[in-house]
Amino acid sequence: MKPKFLILFSLLILLILNILFSISIGPVRIPFDSVTSTIFYYFMGDPYNRIYMLIIFYIRMPRVFLAVLIGAVLAISGLITQTIFRNPLGDPYLTGIASGAALGASIGFLISPFVVEPLAFAFAMLAVFITFIISRVDGEFSPEIMILAGIAVSFLFSALASYLIYLKEVNLRGVLFWLLGGLYGANWNDVFYLTIASLILFPLILYFVPEFDLMLMGDEQAKSMGVDTKRVKLITLLSSSIVTSFAVSMVGIIGFIGLVSPHIGRKIIGESHRFLLPASILIGANLLLASDTIARSNPGGEIPVGIITSFVGAPLLIYLLIRRRFFDRGN
Amino acid sequence: MIEAIDLSVKIGKKQILKNLNFVIHEREKIAIIGPNGAGKTTLMRVLGGMLPYEGKLIINGKEMSEYRRQDLAKLISYVPQIFYTPYTFTVEEFVKMGKYISIRNWWNAEGIDRYLDEVGILNLKARYVNTISGGELQKVLIARALAQNPRIIMLDEPTSHLDPKAVFELNRTIINLEKTVISVVHDINAAFNLYSKIMIMANGQLYGIFSGKSKEFVDAISRIYQIEYEILDGKFIVPKGPYFQ
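Chains A and B, in that order, give the protein sequences. Under our numbering, the first residue of the first sequence carries the number 169, and numbering increases by one thereafter. Under our numbering, the first residue of the second sequence carries the number 85, and numbering increases by one thereafter.
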């Protein structure tokens with residue numbers, strides 16, 4: 169097997185172990201081997217430990233799978249943003265998704281807990297669309313303008329959200345917990361809907377793998393080589409924004425996964441998107457799952473996973489910066 | 085091959101190119117020369133299909149604006165002026181990208197050695213593009229343009245930043261290409277000696293089109309740069325008289 173496939177394979181094995189480990193961890197500790205055997209016996213129709221199965225199937229599994237999915241979504245969106253904008257600081261929230269979702273969620277907390285998710289999604293998409301509309305130059309998205317437009321839109325939506333939280337009697341702890349991101353509300357429905365969204369939108373992004381490497385050369389070079397840059401940008405940014413908004417509306421704003429996963433990926437597997445994209449997805453899934461396991465096994469009670477990802481992500485980023493292989497790889 | 089009729093380009097409200105008229109035939113070697121800010125790079129970009137324009141610009145019998153990007157890339161390849169890449173692709177991968185237009189999964193492309201050989205960088209094949217010199221990178225870019233197999237290659241100051249040996253080799257490569265070549269050139273001697281036609285640009289307009297090695301060209305650039313040039317040994321263009329008085 170070629171080394172790059174071997175790396176991808178190792179990441180996949182790591183993810184599987186990570187999943188089994190995460191399922192075994194919790195208030196009720198299920199021994200590692202009991203996790204596999206319980207699931208195995210259940211599907212074979214043999215006698216199995218009922219309590220273990222209930223915990224595994226209804227409590228731990230949805231949460232674990234949601235973490236894996238959302239880690240993947242954030243990583244893929246982060247990579248797309250970094251590639252399309254040719255900006256190493258690109259993250260999935262660059263187009264205003266986070267602030268849009270925050271405003272939507274704040275309004276939601278004012279009205280009823282049941283509308284938090286749909287409103288967060290709607291406002292995240294609203295922010296994205298405003299950013300997209302501002303960034304159109306000659307019918308094509310300009311990366312330079314889009315970064316600034318994203319910042320402006322983010323500030324505007326954040327200000328509105330802060331105003332609401334400050335003025336109205338919003339459930340402050342609820343909003344804060346939401347803003348910091350957490351998977352505590354995970355259920356099979358979330359997993360199901362996010363899987364459907366990913367199954368529709370990921371192929372749209374993966375389809376453009378041959379174009380992504382060329383896009384790194386800059387818009388004009390990519391065009392000169394025959395890439396329809398307008399189409400690539402529109403389809404990939406829109407797809408990743410929709411699926412990210414969807415993920416954010418479920419679990420809040422989880423930082424750093426989208427930023428850091430592609431950088432780790434580049435370090436271990438190189439620049440070519442045909443390897444980097446699957447690698448980033450696997451790294452994002454591994455990172456978020458591990459962070460969530462830590463977040464929920466905190467002895468003093470669960471803490472928002474966003475805090476953990478930042479705690480883990482920031483030092484990783486600093487390490488990458490110190491190693492100087494961030495901008496001048498290979499020199 | 086290329087025909088421009090009253091070609092004008094505005095960027096914002098600023099008129100960059102005004103009413104250009106010219107014809108470029110298959111396999112001609114065209115140099116574009118002119119002072120800074122004359123509109124040379126804008127002309128290159130509009131010929132590469134990167135800018136909207138007014139007037140007519142007909143490539144191979146069809147209006148430029150009607151081309152799809154993929155079809156245009158089969159005809160024209162544009163090698164940019166300044167290019168730095170921080171990305172860790174090998175020279176081989178980089179040149180293979182030129183094959184994108186014929187093989188979408190370009191990394192499966194084969195037979196790119198001939199392009200590397202044509203520009204004399206076969207020995208760099210396994211090197212990373214962010215570790216080679218500026219001159220080598222320029223050659224890699226030209227090899228990539230060749231891999232694209234277009235009928236027209238456009239080069240924006242291909243020999244800037246290169247040492248004399250690299251300039252000599254690169255010029256020889258360019259002139260021997262069996263393609264239409266359009267180059268922005270600052271070196272008047274290179275333009276004079278190597279190119280079959282020279283377009284002089286000034287203030288966004290076409291000052292004139294001259295044959296290579298013609299006295300008319302030397303007279304024209306004398307007026308444009310306001311320096312009196314003469315031809316020595318039929319080969320060198322030098323300012324008249326001693327350099328400094």
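Backbone N, C-alpha and C define an ideal beta-carbon position, used for all residues, glycine too.
The beta carbon of Glu-312(A) does not come within 8 Å of any beta carbon belonging to chain B, so the residue lies off that interface. Counting the other Cβ atoms within 10 Å of the Cβ of Trp-356(A) gives fewer than 16, which makes it exposed. In this structure Leu-445(A) is buried. Its beta-carbon is surrounded by 16 or more other beta-carbon atoms within 10 angstroms.
Leu-101(B): member of the beta strand (DSSP E) spanning 98-108, first to last residue.
The stretch 246-253 of chain B makes no contact with the stretch 193-202 of chain B, as fewer than three CB pairs between them are under 8 Å. Around the beta carbon of Lys-146(B), a 10 Å sphere encloses fewer than 16 other beta carbons of the protein chains shown; the residue is thus reported as exposed. With the criterion set as a beta carbon lying under 8 Å from some beta carbon of chain A, the members of the stretch 167-198 of chain B are Phe-167, Thr-169, Pro-170, Tyr-171, Thr-172, Phe-173, Glu-177, Met-181, Gly-182, Tyr-184, Ile-185, Arg-188, Asn-189, Trp-190, Trp-191, in sequence order. The beta carbon of Gln-154(B) sits closer than 8 Å to some beta carbon of chain A. For Glu-470(A), no CB of chain B lies under 8 Å from its own CB, so it is not counted at the interface with that chain. A residue is called buried once 16 or more other Cβ atoms fall within 10 Å of its Cβ, and Asp-90(B), having fewer, is exposed. Counting along the chain, the unbroken alpha helix (DSSP H) around Tyr-309(B) starts and ends at 299-309.
Looking at the DSSP output, Glu-87(B) shares a beta bridge with Val-107(B), Ile-142(B). Residue nearest to Asn-339(A) within the set Ile-275(A), Leu-484(A), Asn-454(A) is Ile-275(A) (criterion: CA-CA distance).
At a cut-off of 8 Å between beta carbons, Tyr-279(B) makes no contact with chain A. Beta-bridge annotation (DSSP): Met-134(B) is not paired with any residue. The stretch 457-465 of chain A makes no contact with the stretch 389-398 of chain A, as fewer than three CB pairs between them are under 8 Å.
The beta carbon of Gln-165(B) does not come within 8 Å of any beta carbon belonging to chain A, so the residue lies off that interface.
Residue environment for Thr-172(B): buried (at least 16 other C-beta atoms within 10 angstroms of its C-beta). Neighbourhood of Lys-391(A) in chain B, by CB distance below 9 Å: Gly-132, Gly-133, Met-134, Arg-153, Leu-156, Ala-157, Tyr-162, in chain order. DSSP lists Met-238(B) as the beta-bridge partner residues of Tyr-162(B). A residue is called buried when at least 16 other Cβ atoms come within 10 angstroms of its Cβ; Val-107(B) does not meet this threshold and is exposed. Rounded to the nearest whole angstrom, the C-alpha separation of Phe-277(A) and Ala-329(A) is 11 Å. Three or more beta-carbon pairs separated by less than 8 Å link the stretch 298-305 of chain B to the stretch 275-290 of chain B, which places the two stretches in contact. Within chain A, no residue has its CB atom less than 7 Å from the CB of Gln-222(B), the nearest being about 14 Å off. Tyr-313(B) sits in a strand when the DSSP states are folded into three classes. In chain order, Ser-392, Met-393, Gly-394 make up the part of chain A whose C-beta sits under 9 Å from the C-beta of Gln-232(B).
Inter-residue distance for His-270(B) and Gly-123(B) is about 13 Å (C-alpha atoms, whole angstroms).
For Leu-257(A), there are no neighbours in chain B by C-beta distance under 8 Å, as the nearest C-beta there is about 14 Å away.
For Gly-452(A), the uninterrupted alpha helix (DSSP H) run begins and ends at 441-464, by DSSP. For Leu-382(A), the chain B residues whose Cβ falls inside 9 Å of its Cβ are Met-181, Tyr-184, Trp-190, in order along the chain. Ser-322(A): member of the alpha helix (DSSP H) spanning 311-335, first to last residue.
With a 10 Å radius around the Cβ and a threshold of 16 neighbouring Cβ atoms, Arg-491(A) comes out exposed. At least 8 Å separates the CB of Pro-430(A) from every CB of chain B. Burial is judged here by how many other beta carbons sit within 10 angstroms of a residue's own beta carbon; His-431(A) has at least 16 and is buried.
In chain order, Arg-129, Gly-132, Met-134, Tyr-162, Pro-164 make up the part of chain B whose C-beta sits under 8 Å from the C-beta of Glu-388(A).
Judged by their CB atoms, Val-163(B) and Ala-229(B) are nearer to each other than the 8 Å cut-off.
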